[in-house]
Structure formats: C-alpha cells, structure tokens
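Note sheet for the following structure.
There are 2 protein chains.
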Amino acid sequence: MKKKIRTALISLSDKSNLKPLLKVLKKFNIKIISSGGTYKKIKKLRFECVEISDFTGFNQILGGRVKTLHPKIHSGILNIRNNKKHQKDIKKNNFENIDLVIVNFYPFEKALAQKKNHKKILENIDIGGPTMVRAAAKNYEDVTVITSNDHYLELLNELKIHKGATSLEFREKMSRIAFAQTAYYDSLISNYFSEKSKSPFSEKKIFFGNLVEKLRYGENPHQQSAIYSQNQNFNLKKIHGNQLSYNNYNDIFSALSISKTLPKNRGTAIIKHANPCGVSITKNKLDSFKYALACDPISAFGGIVSCNFKINHKLAIELNKIFLEVIIANGFNLKALKLLKSKKNLRLIDASNFNFNQSHKFSSIGNSILLQSEDNKIFSKRDFKVVSKRKPNKQQFDNLIFAFNVCRYVKSNAIVLASNYTTIGIGSGQPSRIDSCKIAIDKMNEFTNTKNDIVAASDAFFPFVDGIEKLVQSGVTAVVQPAGSIRDKEIIKFANATNTVLIFSKTRHFRH
Amino acid sequence: MKKKIRTALISLSDKSNLKPLLKVLKKFNIKIISSGGTYKKIKKLRFECVEISDFTGFNQILGGRVKTLHPKIHSGILNIRNNKKHQKDIKKNNFENIDLVIVNFYPFEKALAQKKNHKKILENIDIGGPTMVRAAAKNYEDVTVITSNDHYLELLNELKIHKGATSLEFREKMSRIAFAQTAYYDSLISNYFSEKSKSPFSEKKIFFGNLVEKLRYGENPHQQSAIYSQNQNFNLKKIHGNQLSYNNYNDIFSALSISKTLPKNRGTAIIKHANPCGVSITKNKLDSFKYALACDPISAFGGIVSCNFKINHKLAIELNKIFLEVIIANGFNLKALKLLKSKKNLRLIDASNFNFNQSHKFSSIGNSILLQSEDNKIFSKRDFKVVSKRKPNKQQFDNLIFAFNVCRYVKSNAIVLASNYTTIGIGSGQPSRIDSCKIAIDKMNEFTNTKNDIVAASDAFFPFVDGIEKLVQSGVTAVVQPAGSIRDKEIIKFANATNTVLIFSKTRHFRH
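Chains as they are written, first to last, in our numbering: chain A, 117 to 628; chain B, 117 to 628.
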C-alpha cells in the first residue's frame with residue numbers, strides 16, 4: 117500500500133547530497149524536523165525546518181546524548197496508522213505522525229579506523245539514531261526509513277512516481293536494509309569490545325562483511341555466490357580482465373597467504389585448486405617464476421601465479437607463454453602490463469596494498485561455525501630441534517624451514533620436497549601420509565633432476581617409519597616433522613641409521 | 117572504579133529466577149523501577165517497585181510500544197556522573213540516576229522458531245529494550261547492564277563483595293555481553309527479512325552463532341578455537357567419550373553431509389581429514405560398514421564412521437576391532453552401546469535429530485568472506501544424459517549416480533570408483549585430474565578385487581582423454597562426468613571406441 121509522507125525527521129552524521137533531497141521534500145510539502153548540525157545545514161541551504169526540541173517541547177541535554185529519545189518522536193514513528201486505539205492515544209497526547217526517518221549514525225567505524233582513544237570511540241556509539249531507525253523499520257508498513265545517502269535517489273524516484281508517497285515494497289526493502297545496518301553497527305561495537313578485552317570466543321558471536329561484489333556463481337555454476345570484505349577497504353585491485361570467480365578468489369587468497377610469508381621481492385607461488393603446485397624464492401625474478409613453474413608445469417595450467425614483487429617485461433614474456441587464470445603481483449611495469457593485457461582471459465591483480473590483518477578465521481560447516489585463530493606463526497630456528505646425529509648445514513636448515521612453511525598451506529596430509537629454496541614435489545590431500553609421500557616423490561621424479569640436497573617437510577608426524585623411509589630412498593637427506601608419534605624413537609633411529617638429518621618442529625600444521 | 121547502585125530498572129521478557137535477585141537488591145536498599153508484566157511479577161513476589169509511568173509521569177501508550185522511550189529514563193542511564201554539565205542538566209530537569217538496567221528482549225527468536233505469522237513476528241521486535249541496554253552499555257563506566265538471567269549470580273556476587281556496588285571490570289564485561297546481545301538480536305531480524313525477501317546477498321551481511329563450546333585447540337594445538345551453532349538447538353548429541361576436537365567436528369559434519377544424502381537406514385561413510393575414504397549402501401548393517409571399510413582400511417585408521425541407522429551389537433563388535441576417533445549413528449542399541457563405551461578414546465554421537473537446514477555456507481579467507489548457496493541438489497536420472505553408444509543398464513546407472521554423489525564431497529580434483537554401491541577407489545585433492553585418477557586406481561588395486569562392473573565419477577570434466585583412458589584400462593566400464601571441455605567430442609569418441617558407457621551430468625561439483 118502507498119503511504120503519503122507528511123512529516124520527515126532528518127538526523128545525519130554524513131550530510132552530503134542533502135540539497136536535491138530537500139528540494140523534492142519541499143515540492144511535496146513535507147514538513148521537516150531536525151536538530152543540531154543537520155538542522156543548521158538545512159537552514160543554511162535555505163529550507164524550512166522545525167528544531168526537534170521545538171517539536172517535542174524538550175530541550176536536548178547531556179551534550180546531545182538525549183534529544184530524540186522522547187515519546188513524541190517515537191509515538192510519531194511507531195503508531196500503527198489503522199489501529200484505532202493507537203490513533204486515540206496519539207490524539208489524546210496531541211502527538212503527530214512521523215512518516216519518513218532519514219538517519220545515519222555517528223561514525224563509529226570511522227572512529228575505529230582513525231584509532232581514536234577509547235573515550236572518543238565510546239562517545240561515537242549512537243543511541244538515539246539506531247533507536248529511531250529500528251522503530252521506523254519495525255513500523256515499515258506505515259513509515260519509510262532511509263539509512264544511507266546511497267538511497268536518496270531511489271527515495272526521490274518513489275516520491276515522484278507515487279506523488280509524495282512510497283510503496284510498501286520500497287518501505288520493506290528499506291526496512292530490511294535498516295536492520296542490516298543496525299545489526300552491522302552493533303556488530304562493529306561488539307567486535308571492538310571483544311578485541312579490547314581479548315575475548316574472541318563470546319557466547320554470541322557475530323561475523324560481518326561489506327559486499328564487494330556478487331559473483332557469477334559459486335564453486336560451481338548451480339550455486340549462487342558473493343564476496344564480502346571484513347574491512348572497509350578491500351585493497352585488492354583488479355587492473356585487467358574479466359570478473360573474478362569464486363574459485364579465483366579462493367585461489368587468490370591461498371596464493372597471497374603463501375607469498376606474503378616469503379622473503380620480500382623474491383617469492384613466487386603457483387596455486388591450483390587452492391593448493392600450491394610450485395613455490396620458489398630467488399632474487400632473480402624470472403628464475404623465481406621459472407623454478408616455481410618447474411615443480412609441476414602440468415598442474416600450473418589454468419592456475420594462479422602470485423609474485424611478491426613488481427613484474428618486469430622479461431618475466432611477462434615468460435608468463436605469457438602459458439595459460440593462467442590470474443596473475444597477482446606488487447604491481448607491473450608498463451611494458452609488462454601492456455604485454456599481459458593482450459590476453460583477454462587473463463586477470464591481473466595488484467596486491468601492493470594488500471595485507472592480512474585478521475587474527476581469526478571461521479567457516480560454516482553444516483549448521484555450525486568453526487572459529488579459530490590463524491595459523492600465521494613466523495618460523496625461526498628456535499622453533500625447531502635437531503634430533504638426529506647428523507646436524508644440518510645452514511642451507512639444509514634454511515631449506516627445511518622454507519619447505520615447512522610451504523607445507524602449512526598444503527591441504528593435509530601434506531608432504532613438501534624442496535631443494536634450493538624451491539619446491540620440487542608436493543603431495544597433498546591424502547588420508548594416509550605414505551600416499552602424500554608417494555605423490556610428492558612421483559612429482560619430483562617426473563619433473564625435476566636436481567643435484568642439490570633434497571629436503572622434506574611433513575605437516576604432522578609420521579605415524580610409521582614407512583613414510584620417511586620412502587623419502588630417504590628417493591634421495592631426501594634432511595626431514596622436518598612435528599614430534600608426537602608413539603614411534604618418534606623409531607623414526608629417529610631410522611634417520612640415524614641412514615645418516616639423515618631429522619628435525620622436530622614444535623608446531624603441527626594441519627589444514628583441511 | 118566501584119559504583120554504588122541506588123536505582124535499578126527491570127524489564128524482562130523471561131521472568132525466571134527473579135526472587136533471589138530481588139532479595140539482594142532489597143538488602144542493599146536499591147530502588148526498583150519497572151512496568152507491565154515485570155512490575156506485576158515483582159509486586160506478586162511482595163517486593164516494592166515503582167511503575168515506570170509513575171517514574172516518568174508519562175502513561176505508556178500504543179499498547180506498550182512506547183513506555184521507556186522517555187528522556188527521564190535515558191537521561192537517568194546516560195548521564196556521566198562526573199561530568200558537571202551533565203549533572204546540572206539532571207538537576208535542572210529534576211531527573212534521577214538509573215544505575216542498574218536489567219533487561220531481556222521480546223522473544224523474537226522464539227517467535228521465529230514457533231513460525232508465527234509475519235505480523236506477530238514484527239510485534240516481537242523490541243524497540244525500548246535494546247535502547248535501554250545500548251544506553252547502559254555505552255555508559256558502563258557508571259552503569260551496570262544485565263541482559264540475561266545467566267548473569268544474576270555474578271551480579272549478586274558483585275553486590276555482596278562490593279557492598280551494593282559493582283566493579284568497573286564487571287560492568288565492562290556486562291557491557292561487552294550486552295552489545296553482543298543487541299548485535300545478535302538485530303542480526304536475527306536482519307536475517308529474517310533477508311530470507312523473507314529472498315535476498316541472501318545484502319550490502320551488509322551478518323553471520324552469527326551461539327557458542328556450543330570452546331575447544332581445546334583449533335586445527336593445530338597452537339591455535340585457539342570454539343564452535344558455534346547457527347541454530348538454537350545443536351541437535352548433535354555426544355553420548356560417550358572425551359571432548360570433541362576441532363578436527364573431529366570438521367570431520368563429523370563432512371561425514372554427516374554424506375550420510376544424510378544416502379538412502380535411509382543403509383548408508384555408511386568413513387571420513388579421514390575431511391575426505392571420505394569409504395562409502396557404501398547396503399541393507400545389511402554389518403556389510404554396509406565392512407564394504408565401506410574395505411575401500412581403504414589403512415586410511416580409515418583413526419577416522420570417523422557415520423552410519424545413517426541404529427548400530428546393533430554385531431556391528432559394534434566389528435567397529436570395536438579398529439581404532440576410530442568417532443562413531444556417529446542414528447542411535448545405538450543397548451548392547452552395542454555397552455560394548456563401544458568400553459573404549460575410552462572413542463567418542464559416540466547420536467545424530468538422530470540432526471538435519472542440515474542451512475541454505476548457504478560461508479568461510480573467511482584472508483580479509484574476505486566467501487558466501488555461496490549449498491551444493492545440496494538431490495540427483496535423479498533426469499540430471500544426466502547418456503552420450504555414448506553403449507547405454508547403461510539399471511545397476512550401472514544407479515552406481516554412477518551413487519559414485520557421482522560421493523564425488524561431490526571429495527576435495528577436488530575428485531575421482532570416485534564404485535562397484536555394487538560401494539566406493540572402491542577415491543582420488544582426491546590433486547591439482548591435475550590424471551593424478552586423482554591414478555590415486556583412485558592405486559587404491560582399488562591395493563584393496564579390492566571385484567568381479568562386478570566398475571563405474572567412475574569425476575567432479576568436473578576430463579580436460580584430456582588421458583584420465584578416462586587410464587580408468588578404462590584399469591577395468592572401468594561406465595563413467596559419469598560434467599560436460600564442458602573443448603575435448604568433449606574426443607572423450608565421447610574414446611568411450612565409443614572402447615565400448616564404455618559415458619554419461620554427462622548437468623552439474624559440476626568442485627569442492628575445495
């Protein structure tokens with residue numbers, strides 16, 4: 117049903133784009149109530165406006181903390197227009213209807229972003245605004261609520277089409293958006309308090325995001341999908357190519373989580389189906405990619421390449437030779453960009469400004485949500501203990517740490533073989549560890565013929581000797597694994613018998 | 117800083133456990149303000165209480181929609197006690213402090229659960245309650261807010277220890293809980309409106325859950341973790357064993373998502389590292405498990421078994437022979453239960469009442485959240501198209517559908533070999549499809565020697581002939597795969613040349 121608007125209450129923290137709105141309200145003879153900064157702005161724009169305190173007969177107090185929390189305001193919003201008892205109450209109290217509520221909140225999110233002090237952040241918790249919005253949204257059958265100037269145009273259209281009224285459909289939509297807004301606002305506050313008190317696992321937990329874009333589809337074409345950002349800024353800049361897909365995004369973040377942990381300006385990671393299929397660190401940019409690719413050039417087909425450096429022309433020529441879905445880098449030089457842009461099915465992402473800043477991750481599974489802190493520990497030698505008689509040389513140790521770091525981004529059970537700061541065999545996603553060993557070895561035998569030391573990392577302990585045995589038989593000279601098996605001693609014994617370096621890590625790195 | 121409580125405002129939807137609270141408030145001479153049902157209840161319990169309308173001088177109107185939305189209430193809550201200007205305002209208006217706010221909200225969640233009509237659900241959106249709670253929570257440096265009777269005891273303790281006052285630490289904690297509560301409440305409302313209007317991908321998206329339990333740790337011991345339920349009822353009943361771990365829960369839901377899709381009372385799924393390593397459907401319960409186990413008895417070690425039927429004694433004897441972390445079933449008979457309970461490291465779950473009822477799933481990755489509708493389509497023959505000259509017989513077709521259903525729960529790239537409604541080889545988690553084929557075939561050759569027809573399912577199309585070629589060479593006589601490769605025609609040609617049944621599915625089933 118259409119509802120004529122006679123009176124509007126306007127209270128805005130963000131006062132932009134007000135003028136065209138006021139013009140149309142005036143055109144339809146809509147009375148405006150407002151206060152404070154919004155009142156001043158409306159008067160300055162030379163429109164008529166009633167001060168809220170004149171409307172209620174109550175002067176705002178407590179420095180503005182209490183001004184709209186008044187029965188006349190909330191009765192004006194909340195009364196059901198076709199309820200006789202309500203109308204009797206309104207008449208008796210000499211109240212009047214408020215048909216349109218245009219409110220946006222104190223900028224709590226901005227205060228957080230600006231890292232204001234706690235007192236200022238508290239002061240930016242809006243009480244009156246959300247109350248009016250919630251009241252109007254509850255009573256959307258009679259009242260229109262607007263919570264963002266993104267919707268001014270839509271409102272003006274409604275008013276024009278319906279001659280100063282709004283449709284039920286529009287009011288319901290705005291009400292839905294309003295409740296998303298109040299939920300989001302209080303989620304921000306709740307999250308701020310949780311972080312402040314270091315209590316991530318509260319009884320009621322809220323996760324929230326801002327829509328980045330609706331995606332063409334989800335993991336598969338029959339699934340609908342969208343991507344949300346937990347921050348105000350997404351910081352991932354697509355500079356060329358078609359819309360990114362669900363699987364692209366999934367792979368992009370997998371890729372970034374690895375390449376952000378590699379030493380700056382020298383790391384390349386190649387991802388397929390959310391698993392790395394090649395990782396290398398080398399000072400020479402071209403080699404960094406070439407070595408990563410050499411690990412499994414077949415799987416890299418249709419994959420995603422992430423370089424934690426700026427891509428130059430030489431590398432671009434090489435990248436251009438194979439079919440890739442996405443290339444991520446800390447920028448591209450002009451010649452490189454020009455060359456790569458010639459491929460229409462390739463997406464290019466500039467991730468220079470991207471940083472992981474979430475301390476926790478979560479995922480829904482069935483009817484539940486599993487929440488955990490991120491596995492983002494940076495390894496140093498102190499996290500490892502040499503348990504074999506043979507001690508690692510510096511290069512072996514560094515390669516073991518490199519392999520162990522990659523290993524944590526591989527789906528379990530994970531085995532990573534490496535040589536010269538480059539993966540040369542990755543075994544992933546197997547329910548038994550020996551199978552992951554076999555896969556890694558097969559990859560190595562298929563694509564690599566190294567004369568350097570080969571090291572191996574395992575994301576969890578070997579339950580039996582068979583896994584490490586297989587690795588050593590295939591040329592591995594140093595192994596890192598978490599401790600914890602009842603057969604740890606047997607494993608150490610085997611390492612010593614074969615003169616293999618064995619290092620125990622303090623941390624396990626399952627990933628599913 | 118401690119803050120003495122002189123006046124409390126109490127407004128409750130859930131009025132249980134009120135008496136012991138009132139006793140203590142009386143002991144410390146705390147004045148009580150209340151209204152409506154709460155006022156009546158307090159008077160009935162024979163405690164003194166001031167009606168809110170007497171306090172404010174304003175009669176509640178609009179059938180209770182407006183009663184506490186009054187400056188006297190909110191000034192009493194919101195004034196900063198050590199701010200001279202605030203205190204001047206309070207004095208001038210003849211207002212008084214409200215130091216304790218005990219409020220719980222209209223039962224919106226209950227109204228939803230009871231599937232009330234839209235009007236009744238709207239009426240259960242509380243406006244006054246959340247406003248008082250938010251005001252008190254904002255002003256926690258001076259005011260104590262209690263939003264659930266779960267916290268009465270803690271409050272009473274505070275009052276006793278601090279002789280009628282509360283500590284800043286307690287007030288801040290209660291404030292944090294209050295904002296989680298208001299965020300959760302509006303999230304429910306927002307979610308209700310989204311579902312009503314079929315708009316799952318709103319600009320601001322909120323996900324929320326109720327804490328089920330904090331977990332010992334996350335995927336790995338150095339990660340903290342907790343599990344939340346998206347529903348009020350978790351419906352997963354642990355009837356024996358130690359606390360479930362993060363990885364247990366992850367595997368349990370993977371297991372249930374498969375076994376809930378299998379024909380009732382005959383399906384068994386075994387899970388390890390969130391991947392199935394054996395699935396079977398057979399009328400005989402013992403066989404159902406035995407066949408599922410036979411697919412990969414080594415990987416099943418330390419795994420999770422899920423039966424979509426009640427476990428009997430015969431089966432329990434068999435289950436007892438191997439090391440399992442969890443057994444899930446639609447109940448256990450008494451003898452079975454007694455036997456299985458003798459294993460102290462085994463967890464038993466009764467999932468009789470468990471049903472998946474989420475239409476969407478989400479997961480955080482990096483700073484983002486990927487949201488998509490569930491891949492829960494139930495297959496029928498109409499979803500498939502026979503493209504080979506050779507047509508499948510009924511059993512082949514049924515087995516292909518069985519294999520294709522299992523395939524969608526296997527991490528990509530996924531290949532599932534099946535015979536006689538039982539998986540006999542599962543290849544998972546590989547970046548190249550041919551590797552998943554090899555793994556599945558290796559498993560089959562290692563553990564199974566079937567004389568029945570062998571069928572194969574692939575979660576996405578074969579990009580080259582090599583994959584299907586490998587399968588047919590290993591004895592596969594019928595294959596199902598989604599269409600879509602530029603080499604589809606070659607694949608069909610190969611199938612016809614080898615007299616293989618080939619079926620194209622309309623849907624792809626990537627899972628990462």
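In this text, a Cβ means the ideal position worked out from N, Cα and C, and glycines have one as well.
For this session: Would you list the residues sitting across from A/R463 in a DSSP beta bridge?
Result: Looking up residue 463 of chain A in the first sequence gives position 347. Answer by DSSP bridge pairing, in chain order: A/V442.
Exercise. Just to confirm, are A/V595 and A/N515 a CB contact at a threshold of 7 Å?
Worked result: Reading the first sequence from its first residue, position 479 is the one you call residue 595 of chain A. Reading the first sequence from its first residue, position 399 is the one you call residue 515 of chain A. The answer is no: Cβ separation not under 7 Å.
For this session: Give the secondary structure of A/S318 by DSSP, where H, G and I count as helix, E and B as strand, and everything else as coil.
Result: Mapped onto the first sequence, residue 318 of chain A falls at position 202. A/S318 falls in the coil class under three-state DSSP.
For this session: Run down chain B in chain order and give the residues with a C-beta less than 9 Å from the C-beta of A/T260.
Result: Counted from its first residue, the first sequence places residue 260 of chain A at position 144. Under the 9 Å cutoff, chain B gives no residues; its nearest Cβ is about 15 Å from A/T260.
Exercise. Any idea which residues DSSP pairs B/E329 with across the strands?
Worked result: Here residue 329 of chain B corresponds to residue number 213 of the second sequence, with the count starting at 1. According to DSSP, B/E329 bridges with B/I343.
Exercise. Per DSSP, B/Q488 is paired with what?
Worked result: Position 372 of the second sequence, counted from the start, is the residue given in the question as residue 488 of chain B. In DSSP, B/Q488 forms a bridge with A/S341, B/K477.
For this session: List the residues of chain A whose Cβ lies closer than 7 Å to the Cβ of B/K477, in chain order.
Result: The count along the second sequence starts at 1 and reaches residue 477 of chain B at position 361. What B/K477 touches in chain A: S480.
Exercise. Along chain B, in chain order, which residues have C-beta atoms closer than 7 Å to that of A/I168?
Worked result: Looking up residue 168 of chain A in the first sequence gives position 52. Those within 7 Å of A/I168 in chain B number zero; the least Cβ separation is about 12 Å.
For this session: Classify B/C393 as helix, strand or coil using the three-state DSSP reduction.
Result: Translated into the one-based positions of the second sequence, residue 393 of chain B becomes position 277. Of the three classes helix, strand and coil, the one that applies to B/C393 here is strand, per DSSP.
For this session: Starting from B/G192, follow its DSSP beta bridges and name the residues at the other end.
Result: Taking the first residue of the second sequence as position 1, residue 192 of chain B is located at position 76. Paired residue(s): none; B/G192 is not in a bridge.
Exercise. Does the beta carbon of B/D205 come closer than 7 Å to any beta carbon on chain A?
Worked result: Mapped onto the second sequence, residue 205 of chain B falls at position 89. Yes, B/D205 counts as interfacial toward chain A.
For this session: Evaluate contact between the region 321-329 of chain B and the region 274-286 of chain A, counting only Cβ atoms and requiring at least three cross-stretch pairs below 8 Å.
Result: no
Exercise. If you compare alpha carbons, which of B/F174, B/E225, B/N195 is closest to B/D130?
Worked result: Within the second sequence, residue 130 of chain B is the residue found at index 14, counting from 1. It is B/E225 whose Cα lies nearest to the Cα of B/D130.
For this session: Would you verify that the beta carbon of A/N483 is, or is not, closer than 7 Å to some beta carbon of chain B?
Result: Along the first sequence, read from residue 1 onward, the residue named residue 483 of chain A stands at position 367. Yes, its Cβ sits closer than 7 Å to a Cβ of chain B.
For this session: Using three-state DSSP, classify A/H234 as helix, strand or coil.
Result: On the first sequence, position 118 is the one that residue 234 of chain A refers to. Helix at A/H234.
For this session: Could you pull out every residue in the same chain whose Cβ sits closer than 8 Å to the Cβ of B/C393, ignoring the five residues on either side in sequence?
Result: Here the question's residue 393 of chain B lines up with position 277 in the second sequence. Excluding residues within five positions, the ones whose Cβ falls inside 8 Å are I386, I387, C411, D412, S415, A416, G419, I542.
Exercise. Given B/I494, which residues of its chain have a CB within under 8 Å of its CB, disregarding the five upstream and five downstream residues?
Worked result: On the second sequence, residue 494 of chain B is found 378 positions in, with the first residue counted as 1. The answer, listed in chain order, is T377.
For this session: Let me know if A/L266 comes out buried or exposed under the rule of 16 or more other beta-carbons within 10 Å of its beta-carbon.
Result: Here residue 266 of chain A corresponds to residue number 150 of the first sequence, with the count starting at 1. Note that residue 266 of chain A corresponds to Asp in the displayed sequence, not to Leu. Classification of A/D266: exposed, given that the 10 Å Cβ count is below 16.
Exercise. With contact counted as at least three CB pairs below 8 Å, one residue from each stretch, are the region 143-160 of chain B and the region 559-570 of chain A in contact?
Worked result: no
Exercise. Assuming A/L618 contacts A/V503 under a Cβ cut-off of 8 Å, what Cβ separation, rounded to an integer in Å, is found between them?
Worked result: Here the question's residue 618 of chain A lines up with position 502 in the first sequence. Here the question's residue 503 of chain A lines up with position 387 in the first sequence. With 8 Å as the limit, A/L618 and A/V503 qualify as a contact, their Cβ atoms being about 5 Å apart.
Exercise. Helix, strand or coil for B/F563 per DSSP?
Worked result: Stepping through the second sequence from its first residue, residue 563 of chain B is reached at position 447. The answer is helix: DSSP assigns B/F563 an H, G or I state.
For this session: Answer with yes or no whether the minimum CB distance from B/H190 to chain A is below 7 Å.
Result: Walking along the second sequence from the start, residue 190 of chain B turns up at place 74. Yes, contact with chain A.
For this session: Tell me, to the nearest whole angstrom, how far the beta carbon of B/K554 is from that of B/R627; I am working on the premise that it is less than 8 Å.
Result: Here the question's residue 554 of chain B lines up with position 438 in the second sequence. Here the question's residue 627 of chain B lines up with position 511 in the second sequence. In fact, because the Cβ distance is near 20 Å, the residues do not count as touching under 8 Å.
For this session: On a CA-only basis, which of B/F295, B/K457, B/E270 is nearest B/N255? Give me that one, please.
Result: On the second sequence, position 139 is the one that residue 255 of chain B refers to. Comparing Cα positions, the closest option is B/F295.
Exercise. The region 487-503 of chain B: which residues have C-beta closer than 8 Å to a C-beta of chain A, in chain order?
Worked result: L487, Q488, S489, E490, D491, K493
Problem set entry | Whole-Å CB distance - B/H186 paired with B/F174, under 8 Å assumed | For the purposes of this step, residue 186 of chain B is taken as the residue at position 70 of the second sequence. For the purposes of this step, residue 174 of chain B is taken as the residue at position 58 of the second sequence. 6 Å between Cβ atoms; contact.
Exercise. Using 8 Å as the threshold, is the region 458-478 of chain B in touch with the region 346-360 of chain B, meaning 3 or more CB pairs across them?
Worked result: yes
Exercise. So, are the CB atoms of B/A573 and B/A519 less than 7 Å apart?
Worked result: As a working mapping, residue 573 of chain B is identified with position 457 in the second sequence. As a working mapping, residue 519 of chain B is identified with position 403 in the second sequence. Going by C-beta atoms, B/A573 is nearer than 7 Å to B/A519.
For this session: Answer yes if the region 337-349 of chain B comes into contact with the region 334-342 of chain A, meaning at least three C-beta pairs across the two stretches below 8 Å, and no otherwise.
Result: no
Problem set entry | For A/C523, the first and last residue of its enclosing alpha helix (DSSP H) | Position 407 of the first sequence holds residue 523 of chain A. That run of the alpha helix (DSSP H) goes 510-523.
Exercise. Between B/Y300 and chain A, is there a C-beta pair that is closer than 7 Å?
Worked result: On the second sequence, residue 300 of chain B is found 184 positions in, with the first residue counted as 1. Cβ-Cβ to chain A under 7 Å: yes for B/Y300.
Exercise. What's the gap between the Cα of A/C423 and the Cα of B/I481?
Worked result: Position 307 of the first sequence holds residue 423 of chain A. Position 365 of the second sequence holds residue 481 of chain B. If I take the Cα positions, the gap works out to 19 Å.
For this session: Take A/H356 as the anchor and find which of A/I584, A/F369, A/V442, A/E257 has the nearest alpha-carbon.
Result: Translated into positions along the first sequence, residue 356 of chain A becomes position 240. Measuring from the Cα of A/H356, the nearest candidate turns out to be A/V442.
For this session: Could you work out which residue in B/N347, B/Y308, B/H278 is closest to B/K118 when comparing CA atoms only?
Result: Here the question's residue 118 of chain B lines up with position 2 in the second sequence. The shortest Cα separation from B/K118 among B/N347, B/Y308, B/H278 belongs to B/H278.
Exercise. Using the rule of at least 16 other Cβ atoms within 10 Å of the residue's Cβ for burial, across every protein chain shown, is B/K143 buried or exposed?
Worked result: The residue you call residue 143 of chain B lines up with position 27 of the second sequence. Result: exposed.
Exercise. Is the CB of A/I177 under 7 Å away from at least one CB in chain B?
Worked result: The residue you call residue 177 of chain A lines up with position 61 of the first sequence. Yes, A/I177 lies at the interface with chain B (some Cβ there is under 7 Å from its Cβ).
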